[in-house]
Amino acid sequence: EAQVTQNPRYLITVTGKKLTVTCSQNMNHEYMSWYRQDPGLGLRQIYYSMNVEVTDKGDVPEGYKVSRKEKRNFPLILESPSPNQTSLYFCASRHNLLDGYTFGSGTRLTVV
Amino acid sequence: AQKVTQAQTEISVVEKEDVTLDCVYETRDTTYYLFWYKQPPSGELVFLIRRNSFDEQNEISGRYSWNFQKSTSSFNFTITASQVVDSAVYFCALSEAPGLGYGQNFVFGPGTRLSVLP
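Residue numbers (the working numbering), protein chains in the order written: chain W, 1 to 112; chain S, 1001 to 1118.
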């Protein structure tokens, strides 16, 4: 089944403890992206990637890192999480710029 | 910069009523793509439709229809004879076309929460 898989689905962590949210797609898509969803703000793009080793900042990149060492994987790294990063995170991929994104199921992160 | 506005934060209708969700966008590009996504209470994001800026034909898919008007920069979504299962948050999104840069920005509106009451 074609899908975007992200893990974990739920995560509660403490301020400053590094964490990684994994994302993997099995559709051989070139483009991948991370979004965060917050009430009243919709989805905001954190980072995106056009291909292996090619990434760029979205609208809200502060406090996040990404890497794209393999085409299928695009992990989101929070080096020192803070409470304002409590949010619902979505990974997404698409084949080309004409397509819509296919989204993962989301990761609900709480930073206390 | 791109921008997508969905002025209706929340809408409530009674089952079988028709409802229109508004989407207004801003872009300097002449070539762009518009999308609608549905987010049901379970939380996943479901792709509904894509429309490119050169195709102003309205589209109908079952009870769903979309009205794209370039002159007013709007891409509205109508659900006919709404059902309880249509209750969800609906997002409109705008994507730039490939240009000299990667043109990868894919911008969502804030969403409209639709509640369909039985």
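Don't be surprised by glycine CBs; every beta carbon is placed ideally from N, CA and C. The model shown is predicted, which means the values in this text are computed figures rather than measured ones.
Query raised in the report: What residues match up with S/Phe1075 in a beta bridge as DSSP calls it?
Result: According to the DSSP secondary-structure assignment, S/Phe1075 is paired through a beta bridge with S/Phe1068.
Query raised in the report: Are the C-beta of W/Leu43 and some C-beta of chain S separated by less than 9 Å?
Result: Under the Cβ distance rule, W/Leu43 counts among the residues neighbouring chain S, one pair being separated by less than 9 Å.
Query raised in the report: Counting contacts by CB-CB distance shorter than 9 Å, is S/Asn1052 in contact with chain W?
Result: It does: the Cβ of S/Asn1052 has a partner Cβ on chain W nearer than 9 Å.
Report task. Would you kindly check if the distance between the Cβ of S/Leu1114 and the Cβ of S/Gln1010 is under 9 Å? Result -> A quick correction: the sequence has Glu, not Gln, at residue 1010 of chain S. The answer is yes: Cβ separation under 9 Å.
Report task. Determine, using beta-carbon pairs with one atom in the region 1018-1032 of chain S and one in the region 52-71 of chain W, whether at least three such pairs fall under 8 Å. Result -> No: the two stretches stay apart, fewer than three of their Cβ pairs being nearer than 8 Å.
Report task. Figure out for me which residue from W/Tyr89, W/Ser82, W/Ser105, W/Asn73 has the closest Cα to the Cα of W/Cys23. Result -> Proximity to W/Cys23 across W/Tyr89, W/Ser82, W/Ser105, W/Asn73 peaks at W/Asn73, based on C-alpha coordinates.
Query raised in the report: What residue ranges within the region 39-106 of chain W form continuous beta strand (DSSP E) runs of no fewer than 3 residues, ordered along the chain?
Result: Correct list: 42-51, 54-57, 76-78, 87-94.
Query raised in the report: Near S/Phe1077, which residues of its chain fall below 6 Å by C-beta distance, leaving aside the five closest residues on each side in sequence?
Result: Result list for S/Phe1077: Leu1021, Trp1036, Trp1066, in chain order.
Query raised in the report: Which residue from S/Ile1079, S/Lys1038, S/Glu1026 puts its Cα closest to that of S/Glu1091?
Result: Strictly speaking, residue 1091 of chain S in this sequence is Phe, with Glu absent from that position. Per the C-alpha coordinates, the member of S/Ile1079, S/Lys1038, S/Glu1026 positioned closest to S/Phe1091 is S/Lys1038.
Query raised in the report: Hey, W/Leu88 and W/Gly106 are a contact pair by Cβ (cut 8 Å); roughly how many whole angstroms apart?
Result: The C-beta distance from W/Leu88 to W/Gly106 rounds to 5 Å, short enough to meet the 8 Å contact threshold.
Query raised in the report: Closest Cβ-Cβ distance between W/Gly106 and chain S: below 9 Å?
Result: Judged by the 9 Å Cβ criterion, W/Gly106 is in contact with chain S.
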